[in-house]
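Chains as they are written, first to last, in this note's numbering: chain R, 1 to 166; chain U, 1001 to 1302.
C-beta: ideal position from N, C-alpha, C; glycine also.
Bear in mind the structure is a predicted one, so any value in this text is a computation, not a measurement.
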């Protein structure tokens, strides 16, 4: 069944202006502005806020106690989510669950997860679970990567909620 | 494969084409070539809005959209052969081979595009064996189906997924991480690796760094995972480590040869990555691995 494809036909399939930007064709109709893919290693507050706005996220900004740390609180449905910007070098998303989950269940999520982790938090008598995801920006990121980071966390939340409701 | 389609076509109905025709067993005209005029009439009848171009060597190119994707139909000289294709971001050769050996109608290849490698999904129809209008309709419909199946197969852009913009240049955005790119990076980092490709498109690269065995998994070019295994630690200790550190995940597993603990890190590549980002992902893990190894060692020494 493996077929050889004549190079001449393949070349003709590739030539021409209409074909020069196939990768961006998926953006048609999404209302997504085609942002130039500039790579940067420092995520300014202004840059991050623009990205949140482009995703239609209404946030409340708060400066952390430590210099250079900024928090953005917003909601995904009913769920409160916090985005932390640590000096533009790394970003952290988390949401806290009051559900009493055992460490075995927490580990069970971590076995199946790729883009998040669950961590059990103990504060006095209260035990909660943080679902969190981090991105290291020092190796370089783009607007698209940051949008994907925020969007991906939505699906992690959905999957985690399905997991704990079983 | 083309022959199989051509034979099936003989049994189909209705004729449109205006080149030398004979009658099929059911009396419908069967054609062995197609003219420019009749092909264009057919496309218009199918409500396909095309742009026509003259290609090299007398080939006529028709560009239009199918399923929202740029599609090109080629009419080869003599009118005896058609080729229809669409292009996608580059895919690994393993994945291409997997597609081509999977019994699909359309073939897949990796080609050199104007801005870097591209994957070409292509499907041909040989008219010389005899076809009808129904054959052509089925040919287009079959290609639509192949497009859908391929997008699913490649994990291609779904709703709400960021589509990377390909940028030419030394460290431009890669829309997907091919094994070739990953191997180049590992070689640049002077890491001697062993590669294993699974039939589902997952590729494992195993190498040694700082006297420890590490693994990089390439999930079809869409995401990468790096991990290293350690003696099992308690769930409490694993959770305590996750509480303190960033970019990693400590997970306890039950293995066939006993329990173990893994230190994992993932890189989501669906919005595009650069070689520099992948290098950073691999090299920064080294420090995490050493840090965790010391943590485990301290626990074991208690």
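Rounded to the nearest angstrom, the gap between the Cα atoms of residue 1040(U) and residue 55(R) is 43 Å. Using a Cβ-Cβ cut-off of 7 Å, residue 67(R) is close to nothing in chain U; its nearest Cβ partner there is about 18 Å away. Among the residues facing chain U, residue 127(R) is not included, as its CB has no counterpart in that chain under 8 Å away. When the five nearest sequence neighbours on each side are left out, the beta carbons in the same chain lying within less than 7 Å of the beta carbon of residue 1136(U) are those of 1042, in order along the chain.
For residue 1110(U) against residue 1091(U), the beta-carbon gap comes to about 7 Å, under 8 Å, which counts as contact. Note on geometry: alpha-carbon atoms of residue 1237(U) and residue 1211(U) lie some 23 Å from one another. With a threshold of 8 Å between beta carbons, residue 44(R) makes no contact with chain U. In the structure shown, the three-state DSSP call for residue 1076(U) is coil. If you compare the alpha carbons of 1149(U), 1054(U), 1291(U) with that of residue 1245(U), the shortest gap goes to 1291(U).
For residue 93(R) and residue 1232(U), the gap between their C-alpha atoms comes out near 28 Å. For residue 54(R), the closest Cβ of chain U is not nearer than 8 Å. Residue 1123(U) sits away from residue 1141(U), with the two beta carbons spaced by 8 Å or more. The DSSP assignment places 143-165 as complete runs of the alpha helix (DSSP H) inside the stretch 118-165 of chain R, in order along the chain (cut-off: 4 residues). For residue 1277(U), same chain residues with a beta-carbon under 8 Å away, outside a window of 5 residues either side, are 1267 in chain order. Taking the C-beta atoms as reference points, residue 1224(U) is found no nearer than 8 Å to residue 1296(U). For a cut-off of 8 Å, the C-beta gap from residue 51(R) to residue 158(R) is around 21 Å, too long to register as a contact. For the C-beta of residue 136(R), the chain U residues within less than 7 Å are, from N- to C-terminus, 1247, 1284. Burial state of residue 136(R) is buried, judged by a 10 Å Cβ sphere holding 16 or more other Cβ atoms.
Within chain R, the residues whose beta carbon sits less than 9 Å from that of residue 1268(U) are 114, 115, 135, 145, 148, 149, 152, listed in sequence order.
When the beta-carbon positions are compared, residue 74(R) and residue 49(R) stay at least 8 Å from each other. At a cut-off of 8 Å, the C-beta of residue 110(R) has a neighbouring C-beta in chain U. The C-beta of residue 1036(U) comes no closer than 8 Å to any C-beta of chain R. Under the Cβ distance rule, residue 1274(U) counts among the residues neighbouring chain R, one pair being separated by less than 8 Å. For residue 1225(U), the beta-bridge partners assigned by DSSP are 1217(U), 1266(U).
Nearest Cα to residue 1128(U) within the set 1239(U), 1031(U), 1063(U): 1031(U). The beta carbon of residue 107(R) sits closer than 8 Å to some beta carbon of chain U.
The residues 1096, 1099, 1100, 1121, in chain order, have a CB closer than 6 Å to that of residue 1108(U) in the same chain once the five nearest residues on each side in sequence are set aside. Below the 8 Å Cβ cutoff, chain U contributes no neighbours of residue 70(R), its closest Cβ being approximately 16 Å away. Judged by pairs of C-beta atoms under 8 Å, the stretch 99-110 of chain R does not touch the stretch 1198-1212 of chain U, as fewer than three such pairs exist. Annotated three-state conformation of residue 1088(U) is strand, per DSSP. Relative to residue 11(R), the option among 1066(U), 1076(U), 1045(U), 1112(U) whose CA is nearest is 1112(U).
Considering only 78(R), 83(R), 133(R), the residue with the shortest C-alpha distance to residue 45(R) is 83(R).
At a cut-off of 8 Å between beta carbons, residue 103(R) contacts chain U. In terms of beta-carbon proximity, residue 1131(U) stays away from the interface with chain R, with every pair separated by 8 Å or more. For residue 63(R), same chain residues with a beta-carbon under 8 Å away, outside a window of 5 residues either side, are 69, 70, 71 in chain order. Taking the Cβ atoms as the reference, residue 95(R) lies roughly 14 Å from residue 106(R), outside the contact range of under 8 Å.
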